[in-house]
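What follows is one structure encoded as structure tokens, with my remarks underneath.
Numbering (my numbering), first residue to last: 2 to 694.
Following this line, the structure appears as structure tokens:
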């Protein structure tokens with residue numbers, strides 16, 4: 002049977018199951034005694050395992066099976082959830098996600114998960130220490146008087162053949178176990194020094210834990226590895242011991258026989274731990290029997306979500322098909338506008354009635370198609386609780402993420418693009434916004450910080466807010482950094498309002514982080530956020546109160562395909578300006594125009610705003626407003642900044658279909674795309690954001 006036809010369905014359902022597993026694991030972490038949640042997690046893992054096995058992805062199926070072994074003990078009350086178990090299961094979910102991503106990119110879903118599997122098997126055996134974490138856990142090599150070794154890391158066929166061939170060619174193959182002193186403050190740094198030393202004189206074939214886990218300090222205080230070199234064992238041992246804060250270094254030289262014994266011993270250990278005996282899996286004597294018919298239904302009854310769900314009334318539709326439907330609707334709307342104009346010119350009552358009916362049907366069809374493309378923003382928000390949990394753990398902070406308005410709907414095109422900017426803003430709130438626990442307590446705040454993620458509709462826009470209760474933005478610190486980096490001059494700095502200073506955070510390469518980390522401080526992030534949001538015709542703004550917190554607000558259009566616009570005329574050219582960017586229209590007299598510091602300004606309300614000529618911006622040769630006594634203007638807005646555009650005449654309001662200019666035309670500043678009008682002419686769509694700096 003050809004399984005490729007089911008691949009897209011497998012990927013979609015796998016992602017759904019992984020999302021469900023992450024959400025339920027977070028819920029279980031808050032309620033570790035709730036076995037009904039464990040039942041839901043177990044069922045999702047079991048379904049995922051079966052799907053993967055059916056599709057032939059054995060690595061994915063095998064890892065899920067190891068997770069099942071742990072979950073089975075928990076749901077049968079033979080094992081209590083602990084922090085190490087949660088961390089290991091979350092690592093397993095990350096590995097499963099990587100495998101699915103690999104499958105999406107055409108791979109076979111393979112990954113090196115040996116350390117995760119070893120930890121899962123250690124949990125099943127009742128050994129809570131991370132595998133490879135300490136000699137007591139039975140995961141390292143113990144060199145005895147005869148120079149032999151105990152249990153070892155399991156090698157795959159390729160790694161085993163590399164070591165065998167190296168022995169045959171006269172190289173020295175060694176098994177090392179290095180332990181770092183218990184009082185060492187920077188375990189990962191000391192481990193790095195050991196690896197750096199070893200890599201100068203040979204090659205590390207495999208380590209346990211993995212190099213990545215060691216770099217992230219995800220090990221107790223010891224690690225072991227296979228190593229190929231020309232150095233003598235004694236010399237190598239003394240070189241390692243000469244490094245500071247190294248407690249012990251055991252080096253065992255291997256030949257063909259001892260290498261085979263080590264690897265076969267590791268395989269037997271893995272095989273034995275995969276078959277779990279009931280007595281060996283019970284962490285305490287006199288534990289409850291494996292089956293408890295009464296307890297399980299009682300727990301499940303407490304949570305109705307564990308019962309069978311109602312039949313689904315939804316179907317999956319490929320987004321490409323919706324794009325085709327949207328394009329066909331766009332063509333229909335263009336033809337509708339053309340028919341309306343022809344009916345107006347011909348003035349036949351029967352034709353007018355037919356066209357009016359077609360317009361009503363077309364409007365209904367447009368609403369339905371747009372709603373088909375609308376997706377709850379929950380599809381983006383649901384990955385953030387896990388991300389915030391991991392970030393808070395790595396930063397040693399306590400943070401509650403409160404999500405409201407996740408049911409708010411947004412066009413699928415916008416949904417696909419907004420995820421990364423929100424990730425940057427949330428990471429910024431967790432890292433820069435919320436203070437460390439000790440600092441919060443000292444300032445009289447609760448030790449647990451709060452980050453609010455909100456979404457809500459307002460008019461034709463969706464607003465997304467990320468607000469924290471941290472220490473807020475230090476205006477003076479931001480301004481000093483901006484001056485140092487040359488983002489603003491001394492003269493400009495003196496005139497900036499608080500909001501304008503906060504917006505300096507979005508300058509390219511700007512960062513106030515004192516220390517570069519994996520989370521922040523590399524000078525990227527917020528400038529990317531602003532660029533991406535503006536490319537979606539959105540606006541981002543910042544409000545902050547020092548000592549109380551910061552709020553980032555993102556304003557986005559509901560859809561990027563069909564918009565309401567004001568059609569205007571400049572000479573022989575027609576343009577469309579999105580209504581969402583227009584504050585109002587009006588008339589100005591020639592004598593009202595002022596020149597201020599080289600800028601053309603016009604009075605508006607209680608202030609002055611810049612005046613821009615569309616005829617000059619787009620080099621329209623057959624219109625010049627300077628010869629007119631009164632000129633029509635359109636006041637446009639970007640955030641809290643305003644500007645006015647001079648036009649010749651207003652044609653009227655209309656719903657227009659945005660068409661991409663394609664690859665043949667270069668990017669033109671101030672132009673967001675084009676549309677086809679009812680008379681067949683092409684009108685450029687103006688991007689007001691590009692005119693306001």
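A virtual CB, placed ideally from N, CA and C, is assigned to each residue, including glycine.
Quick caveat, the model's predicted, so the values are computed rather than measured.
Buried or exposed, going by whether 16 or more other CB atoms sit within 10 Å of the CB of residue i?
i           : result
residue 264 : buried
residue 597 : exposed
residue 690 : buried
residue 579 : buried
residue 344 : buried
residue 467 : buried
residue 433 : buried
residue 687 : buried
residue 256 : exposed
residue 479 : buried
residue 630 : exposed
residue 230 : buried
residue 485 : exposed
residue 349 : exposed
residue 89  : buried
residue 242 : exposed
residue 471 : buried
residue 159 : exposed
residue 25  : buried
Does residue i come out as helix, strand or coil in the three-state DSSP assignment?
i           : result
residue 335 : helix
residue 33  : coil
residue 297 : Only weak support exists for where residue 297 lies, its pLDDT of 35 falling under 50; the value from the coordinates is given anyway. Three-state DSSP puts residue 297 in a helix.
residue 528 : helix
residue 215 : helix
residue 351 : helix
residue 634 : strand
residue 239 : helix
residue 412 : strand
residue 280 : For residue 280, the pLDDT reaches just 36, beneath the cut-off of 50, and the residue's location in the model is therefore unreliable, although a value from the coordinates is still provided. Looking at residue 280 - three-state DSSP - the assignment turns out to be helix.
residue 686 : strand
residue 595 : strand
residue 68  : helix
residue 273 : Note that residue 273 has pLDDT 48, beneath the 50 cutoff, so the model's placement of it is unreliable and no number is given.
residue 95  : helix
residue 225 : strand
residue 568 : strand
residue 46  : helix
residue 220 : coil
residue 149 : Low local confidence applies: a pLDDT of 38 at residue 149 is under 50, so the model's placement there is unreliable, with the coordinate-based value given in what follows. Coil, per DSSP.
residue 490 : coil
residue 375 : strand
residue 252 : strand
residue 406 : coil
At what residues does the alpha helix (DSSP H) containing residue i begin and finish?
i           : result
residue 485 : 476 to 486
residue 388 : 385 to 396
residue 124 : 115 to 126
residue 501 : 499 to 504
Taking residue i as the reference, give the member of the options with the closest Cα.
i           : options               : result
residue 99  : 68, 60 and 379        : 60
residue 581 : 615, 253, 502 and 459 : 459
residue 166 : 201, 202, 260 and 239 : 260
residue 678 : 214, 422 and 340      : 340
residue 53  : 111, 76 and 89        : 111
residue 121 : 93, 185, 34 and 77    : 93
residue 606 : 585, 600, 626 and 441 : 585
residue 401 : 335, 11, 198 and 27   : 27
residue 593 : 632, 404 and 471      : 632
Following the continuous beta strand (DSSP E) through residue i, name the residue where it begins and the one where it ends.
i           : result
residue 557 : 550 to 558
residue 673 : 672 to 677
residue 648 : 642 to 648
residue 464 : 462 to 469
residue 180 : 173 to 181
Notebook entry, point to check: On the three-pair Cβ rule with 8 angstroms, is the segment 222 to 242 touching the segment 170 to 189?
Noted result: yes
Margin query: Across the segment 317 to 328 and the segment 364 to 384, are there enough close Cβ pairs to call them in contact, namely three or more that are closer than 8 angstroms?
Written below: yes
Checklist line | contact_flag[the segment 48 to 64, the segment 346 to 353] where n(CB pairs < 8 angstroms) is 3 or more | finding: no
Check: Can at least three beta-carbon pairs, one atom from the segment 444 to 453 and one from the segment 410 to 418, be found at a separation below 8 angstroms?
Finding: no
Notebook entry, point to check: At a cut of 8 angstroms, does the segment 610 to 617 reach the segment 643 to 657 through at least three beta carbon pairs?
Noted result: yes
Check: Using 8 angstroms as the Cβ pair cut-off and three pairs as the minimum, do the segment 418 to 425 and the segment 529 to 537 touch?
Finding: yes
Next item on the list: Determine contact between the segment 240 to 249 and the segment 177 to 197, defined as no fewer than three beta-carbon pairs at a distance below 8 angstroms.
Entry: yes
Next item on the list: May I ask you to verify whether the segment 537 to 548 touches the segment 619 to 630, counting CB pairs closer than 8 angstroms and requiring at least 3?
Entry: no
Checklist line | Touch test, the segment 187 to 196 against the segment 218 to 229, Cβ-Cβ under 8 angstroms, three pairs minimum | finding: yes
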